[in-house]
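**Q** Residue numbers (the working numbering), protein chains in the order written: chain L, 1 to 324; chain C, 1001 to 1324. We treat Cβ as the ideally placed atom computed from N, Cα and C, and that holds for glycine. Quick one: the structure is below, questions incoming.
Written out as structure tokens, the structure is:
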């Protein structure tokens, strides 16, 4: 059994090959550029890992893994336009470098390339794989729509937030792992369990990401602490704190969110004070752990030997220990 | 054998069903909106017609026909953003009505829905159909990229223009007809001939469209005469006239193209004078007819009875007589 690093290397190599296949038309320059910006390639690595778990051949799954990575980068490319984000992984975003029109069009062609790669799996699973992929892709779009809608609303509930995270983030991880399992020959039951594992792990991971934005070690986390607070992002912490404070206190969360002029350092410090006053971190950790435990239960239910499941348990632990 | 109007009605009905299947999420409002703007639905109608020609069952082809129409409308939606077009078929464009972000995202989901619909064909042809569709979809993106690049260039050659038209417009018509033929059970040779027929007819049609913009009867054509001239669009006529005049004359085409302030009526009149001085209309008609004749030869080579081919001949004639 290979480990995640091996799979990541296999993906990196296949991206090099994929880029060589892209023609010289300038449409493909942004495609190759965003794929070169890196990232952890976790989704395709996990697709290969689940394929392997069920005894699949890596050659049957590699193009589907690449498809998931190309699709993921297409969503990043278009999301960056919608968010007017200037920087992605330390480099200018595609629309910043080439303009919005080029970014729309190169994103479009990446989406097509993703489905094209996804069809390169064995006939015996083609229809199932495509069904999962297309359903997932529609859900990711719906999740992005919800995220955009949330920016304009101030009555977002926590269940709505969880649904948005599930669609925008978790289902792609879940779908990638289910596709890997199906190519590997898993039963429908095991494929569904793998999907639930990915879905719950993905939601748990996003809640951790929200917590780390505020309470993470900046050096290890690699992002500005409190960035979400400064931007008024409706994170799990923010929504939970709003629910728990319910407008009480001298300077409420809503006041801070409405302020147009403020010192970012002061805003972050004061909002964290409110968070701490209701111990929001602990409430969020309880929720994060609940999804994590459900994910572990999903893993336990797989009809595989403990030895086979071990790499997925280790991977999950490593993912959630990144800060410690 | 049904005629084109029957097929158009079948498509219209299936669009109604498709829209019902779209959830209540606001992401789908622009999707339903652009599909409601109408259009001639020629691509899907021709897909159904070629399927029928080869003895196929309409139920096997209807979702693929719908896929082509959804894909075509996705390209219109994103092209309108790139062109900053305010109006599409007499109504506000999606980005004008809902904003650019909504337009990007609802276009994205339409692309996914198109491939999802395209998989709903019989297993025996699934892989072939998807291969044609994905290849075509990539080509359409490359064609749009070429079109955008041409706006910034003043050295576009006629072969480059033809290539752009082929990719941006003709291959989708050709691909749709080839998909219909394959679902209908055509041999590979006949499917290739149908593709070539669609490709040549599509190029010929675009040259006619360029000619009608200048020489068409405004009432019948339904567009402002000379719109392409006012916008400096690099049409077949413009490129041919540039080639033929080669900078001669007192007020050259290039001068008119560079003028930032002008009376549109005068510009159209003067440019047409230059066109007429070198008889550019006739040169363009020769080229248009050359592609048309090649398309007719492609049709003649089909291994079908004359009776079977008759509707495609009639359709082609009707398409090119719209002005007379």
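Alpha carbon to alpha carbon, what distance is there between residue 1088 of chain C and residue 1036 of chain C?
**A** The alpha-carbon atoms of residue 1036 of chain C and residue 1088 of chain C are separated by roughly 11 Å.
**Q** Out of C/1028, C/1067 and C/1297, which one is the CA nearest neighbour of residue 1199 of chain C?
**A** Ranking the options by Cα distance to residue 1199 of chain C, first place goes to C/1297.
**Q** Looking at C-beta atoms only, is the number of pairs between the segment 168-177 of chain L and the segment 200-208 of chain L that lie closer than 8 Å three or more?
**A** Touching, yes.
**Q** Does the segment 1107-1117 of chain C come within contact of the segment 130-140 of chain L, defined as at least 3 CB pairs closer than 8 Å?
**A** Cβ pair count under 8 Å is three or more, so yes.
**Q** Pairing CB atoms from the segment 115-125 of chain L with CB atoms from the segment 179-187 of chain L, are three or more of them under 8 Å?
**A** Judged by Cβ distances under 8 Å, the segment 115-125 of chain L makes contact with the segment 179-187 of chain L, as three or more pairs qualify.
**Q** Would you check if there are 3 or more beta carbon pairs closer than 8 Å linking the segment 1019-1030 of chain C to the segment 140-148 of chain L?
**A** The segment 1019-1030 of chain C, when compared against the segment 140-148 of chain L, does touch it at the 8 Å Cβ threshold.
**Q** How big is the Cα-Cα spacing for residue 1197 of chain C and residue 1294 of chain C?
**A** So the alpha carbons of these two residues sit roughly 8 Å apart.
**Q** To the nearest angstrom, how far is it from the Cα of residue 364 of chain L to the Cα of residue 1065 of chain C?
**A** Residue 364 of chain L is absent from the structure shown; chain L starts at 1 and stops at 324.
**Q** Once you ignore the five residues that flank residue 1240 of chain C on each side, which residues in its own chain have a CB closer than 7 Å to its CB?
**A** Closer than 7 Å at Cβ, skipping near neighbours: 1158, 1280, 1283 and 1284.
**Q** What is the C-beta distance between residue 93 of chain L and residue 194 of chain L, in whole angstroms, given that I count them as a contact (C-beta under 8 Å)?
**A** Actually they do not touch by this definition, with Cβ atoms about 33 Å apart.
**Q** In angstroms with no decimal places, state the Cα-to-Cα distance between residue 303 of chain L and residue 1301 of chain C.
**A** Distance between the alpha carbons of residue 303 of chain L and residue 1301 of chain C: 58 Å.
**Q** Please confirm if residue 119 of chain L has its CB atom under 8 Å from at least one CB of chain C.
**A** Closer than 8 Å: yes.
**Q** Using C-beta distances below 7 Å, list every residue in its chain close to residue 1114 of chain C, excluding the 5 sequence neighbours before and after it, in chain order.
**A** These residues qualify, in order along the chain: 1067, 1070, 1071 and 1074.
**Q** What does a CB cutoff of less than 8 Å around residue 1315 of chain C pick up in its chain, not counting 5 residues either side in sequence?
**A** For residue 1315 of chain C, where only same-chain residues beyond five positions count, the Cβ hits under 8 Å are 1004, 1046 and 1049.
**Q** Pop quiz: residue 320 of chain L and residue 208 of chain L are said to be a contact at Cβ under 8 Å. What is the actual Cβ separation, rounded to whole angstroms?
**A** Contact flag correct, Cβ pair sits at about 6 Å.
**Q** Is the shortest distance between the beta-carbon of residue 109 of chain L and the beta-carbons of chain C less than 8 Å?
**A** Yes, because at least one Cβ of chain C sits closer than 8 Å to the Cβ of residue 109 of chain L.
**Q** Indicate the three-state DSSP secondary structure (helix, strand or coil) for residue 312 of chain L in the structure shown.
**A** Helix at residue 312 of chain L.
**Q** Using a Cβ-Cβ cut-off of 6 Å (strictly less than) and excluding sequence neighbours within five positions of residue 1015 of chain C, which residues of its own chain qualify?
**A** Excluding residues within five positions, the ones whose Cβ falls inside 6 Å are 1035.
**Q** Quick one: Cα of residue 227 of chain L to Cα of residue 1006 of chain C, how far?
**A** So the alpha carbons of these two residues sit roughly 58 Å apart.
**Q** Would you give the residue range spanned by the alpha helix (DSSP H) that residue 305 of chain L belongs to?
**A** From DSSP, residue 305 of chain L is part of no alpha helix (DSSP H); its letter is neither H nor E.
**Q** For the alpha helix (DSSP H) that residue 225 of chain L lies in, which residues bound it at each end?
**A** Careful: residue 225 of chain L lies outside any alpha helix (DSSP H) and carries neither H nor E.
**Q** Any idea which residues DSSP pairs residue 969 of chain C with across the strands?
**A** The structure shown has nothing for residue 969 of chain C, since chain C only spans 1001 to 1324.
**Q** With a cut-off of 8 Å on the beta carbons, I'd call residue 90 of chain L and residue 184 of chain L a contact; round off their distance for me.
**A** Rounded, the Cβ-Cβ distance is 35 Å, inconsistent with contact.
**Q** Runs of 4 residues minimum, wholly inside the segment 1066-1152 of chain C: which ones carry the alpha helix (DSSP H) assignment?
**A** The segment 1066-1152 of chain C contains these whole alpha helix (DSSP H) runs: 1094-1098, 1100-1118 and 1123-1151.
**Q** Below 7 Å on C-beta distance, what does residue 1043 of chain C contact in chain L?
**A** By Cβ distance, chain L contributes nothing, its closest Cβ being about 17 Å from residue 1043 of chain C, past 7 Å.
**Q** In or out: residue 186 of chain L buried (at least 16 other Cβ within 10 Å) or exposed?
**A** Buried, since its Cβ has 16 or more Cβ neighbours within 10 Å.
**Q** Counting contacts by CB-CB distance shorter than 8 Å, is residue 371 of chain L in contact with chain C?
**A** Any property of residue 371 of chain L remains undetermined from this structure, which presents chain L solely from 1 to 324.
**Q** Using DSSP with H/G/I as helix, E/B as strand and the rest coil, what is residue 246 of chain L?
**A** Three-state result, residue 246 of chain L: coil.
**Q** Give me the subset of the segment 1060-1083 of chain C whose CB atoms are less than 7 Å from a CB atom of chain L, sorted by chain position.
**A** Listed in sequence order: 1078, 1081 and 1082.
**Q** The alpha helix (DSSP H) with residue 1050 of chain C in it runs from where to where?
**A** Element bounds for residue 1050 of chain C: 1042-1053.
**Q** Does DSSP classify residue 1214 of chain C as helix, strand or coil?
**A** Residue 1214 of chain C: helix per DSSP, three-state reduction.
**Q** Since residue 104 of chain L meets chain C, which of its residues come closer than 7 Å, beta carbon to beta carbon?
**A** Within chain C, the residues near residue 104 of chain L are 1078, 1081, 1082 and 1104.
**Q** Under a three-way DSSP split, which group does residue 1241 of chain C fall into?
**A** Helix, per DSSP.
**Q** What does a CB cutoff of less than 8 Å around residue 189 of chain L pick up in its chain, not counting 5 residues either side in sequence?
**A** The residues are 303.
**Q** Please classify residue 1175 of chain C as buried or exposed, where buried requires at least 16 other C-beta atoms within 10 Å of its C-beta.
**A** That one is buried.
**Q** Between residue 214 of chain L and residue 272 of chain L, which are expected to be in contact by the criterion C-beta below 8 Å, what is the C-beta distance as a whole number of angstroms?
**A** That belief holds up - the Cβ atoms of residue 214 of chain L and residue 272 of chain L are roughly 6 Å apart, short of 8 Å.
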